[in-house]
Structures are given as structure tokens and as C-alpha cells.
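Following: one structure in C-alpha cells, then a few remarks.
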Amino acid sequence: MAATVLVFEAMVVFFASLVAKDLSGLSTAQAVGGGAALAVVLLLSSGLLGRAGGYWFGSLLQVAVVATGLFVPTMIGVGLLFAGLWVAAVVIGTRIERERAGVEDVGG
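Residue numbers for the sequence shown follow this note's numbering, so the first one is 772 and each next one is one higher.
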């Protein structure tokens with residue numbers, strides 16, 4: 772569930788960077804390059820969720836996306852929206868894993 776949030780967030784960040792070049796004082800290379808780099812890191816981090824620290828890294832990336840609002844103020848809202856989705860995915864995912872573990876203990 773959290774991986775899905777990161778993948779969709781990566782797509783939104785990339786497409787937002789294409790708009791950011793016109794809405795900010797950044798050059799095209801800075802806006803698109805920075806957005807593409809952040810999008811790639813978001814995509815790669817979805818694969819790290821099974822490793823130690825993967826969820827902490829994903830949380831750090833949520834802060835980074837909100838921080839892009841320093842350059843394009845609209846990204847604050849987008850970042851907060853995805854941060855909320857991230858928290859929901861982590862909470863619901865944890866609950867599902869806990870329930871699965873309880874079912875396996877009873878059934879095993």
C-alpha cells in the first residue's frame with residue numbers, strides 16, 4: 772500500500788516539475804532535473820520498504836516533497852496530500868499485518 776503511494780507520488784512530482792519551470796524562478800534544467808531526480812528517488816524507495824529503515828526513508832521523502840513548496844507554493848498542498856496518504860498507508864498496512872499475524876497464530 773505504501774509502495775503505491777510512493778509510485779503515484781513520483782509520477783505527480785515529475786509532472787509537477789514540468790509545470791514548475793514556468794511557475795517558479797528556477798531554470799528549466801533546475802526544475803525538471805530536480806523534479807526528475809526526486810521522482811526517481813521516490814520510485815526507488817518503493818523497493819526499499821521491505822528493508823530496515825525503508826519506511827523512515829519514505830517519511831523523509833514526504834518532507835522533501837512538502838519542501839518543494841519553497842519553489843512552487845502549490846506543491847505544499849500536493850505534498851501534504853501525499854503525506855496524509857503515506858500516513859494512512861503505513862497505519863492501515865501495519866493494522867493489516869498485525870491481523871494477518873494473529874490469523875496465522877490461530878490457524879498454525
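Built from N, CA and C at the ideal position, the CB exists for glycine as well. The structure presented is a predicted model; accordingly, all values stated were derived computationally and were not measured.
Rounded C-alpha distance that separates residue i from residue j
| i | j | result |
| --- | --- | --- |
| lysine 792 | glycine 804 | 10 Å |
| threonine 799 | leucine 789 | 8 Å |
| glycine 818 | serine 795 | 31 Å |
| glutamate 870 | glycine 864 | 10 Å |
| phenylalanine 779 | valine 843 | 19 Å |
| glycine 824 | alanine 802 | 29 Å |
| glycine 840 | alanine 854 | 13 Å |
Rounded Cβ spacing between residue i and residue j (contact assumed at less than 8 Å)
| i | j | result |
| --- | --- | --- |
| valine 784 | alanine 810 | 5 Å |
| leucine 820 | glycine 806 | The Cβ separation is near 22 Å, so there is no contact. |
Residue i - DSSP class collapsed to helix/strand/coil
| i | result |
| --- | --- |
| phenylalanine 786 | helix |
| methionine 846 | helix |
| leucine 820 | coil |
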